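A quick write-up on the structure given underneath.
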Amino acid sequence: MRLSRTARAVLGGCMALGLAVVYVPLLLVLLNSFNADRSFAWPPSGFTGEWWRRAWHSAGARDALLTSVQAGLAATAVALVLGSLAAFAVHRHRFFGRQTVSFLVVLPIALPGIVTGIALNAAFRTVLEPLGIGFGLFTVVVGHATFCVVVVFNNVAARLRRLAPGTEEASADLGARPPQTFRYVTLPAVRSALVAGGLLAFALSFDEIVVTTFTAGPGTQTLPIWIYSNLSRPNQAPVVNAVAALLIAVSVLPVYIAQRLSSDAAGGRL
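Numbering (full-length UniProt numbering), first residue to last: 1 to 270.
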């Protein structure tokens, strides 16, 4: 379908406006992290790296960053195992309730975070607390894994649908045992999907706040929760902007790499 010059201009303007609404506020956060004025006067009276220095020397921010990294890595590891196993089971086998299993695996990403958080909070109080397991990093990892599994499952399942079954059959015909076929044929084909799914899962876990609020204990504070709790403190506002800018960078980088991996694989370069 060919569009007129006016239609292309209107669509381009709408796209630019939509992108501006999303990314201009993020740019302001980044600029304010270097703003020498504590009140964030605009335009900035000067630029400084003082807020980044204070953020680096903030014990609370460093501890929260470490907790977020630990939770993200653990949730990603769980998601890679469970998500890939579920994708292989649904794609490779025919069994009663296969579509239901696929639906149940994907459902958590569609549920409101507050609903998932309340449900997990009630479940942990009912099941774990009687066993002496309180709220902490473990419950945060479990909560994050519920939605991280979805992105791994979707990525691996999509790649398996594009994988020609004849390649694995040819490997078997040439005498390869199932582990060899998986190692030399299947795993290289889905490797980029696993990496992309893992990166997206880590990004989702790293900046999650709603589910974390209901699953973290009093002594467990991730970076998004630290930002939220310090946002209303006037003396901490410039430092919060620096930490928020770091959070943006850490969240954007895995998504960018995952997008490149997915596009390269779709183009046949992986």
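Every residue, glycine too, gets a C-beta built ideally from N, C-alpha and C.
Just so we're clear, the structure is a prediction, and the values are computed from it rather than from any experiment.
- L231 is positioned such that its CB atom lies no closer than 8 Å to that of L247.
- Per the DSSP secondary-structure output, N35 pairs in a beta bridge with F47.
- Rounded to whole angstroms, the gap between the alpha carbons of G72 and H144 is 8 Å.
- By alpha-carbon distance to C148, the top candidate from T126, A237, G198 and A216 is G198.
- Under the DSSP assignment, F88 falls in the alpha helix (DSSP H) whose first and last residues are A59 to R92.
- Taken in chain order, the unbroken stretches of alpha helix (DSSP H) that lie wholly in the region 186-234 and span 4 residues or more are 187-206, 210-215 and 223-230.
- Of the candidates P43, A55 and L17, A55 places its Cα closest to the Cα of Q236.
- Here the alpha carbons of I118 and P112 stand approximately 10 Å from one another.
- Put simply, the backbone Cα of T213 is about 17 Å away from that of I109.
- In the three-state reduction of the DSSP assignment, A249 falls in the helix class, which pools H, G and I.
- The way I'd put it, the region 192-206 does touch the region 58-78; three or more beta-carbon pairs between them come closer than 8 Å.
- For P43, the closest alpha carbon among the candidates L28, I227 and P238 is that of L28.
- By the neighbour-count definition (other C-beta atoms within 10 Å, threshold 16), T6 is an exposed residue.
- The residue among V195, G217 and A245 with its C-alpha nearest the C-alpha of A258 is V195.
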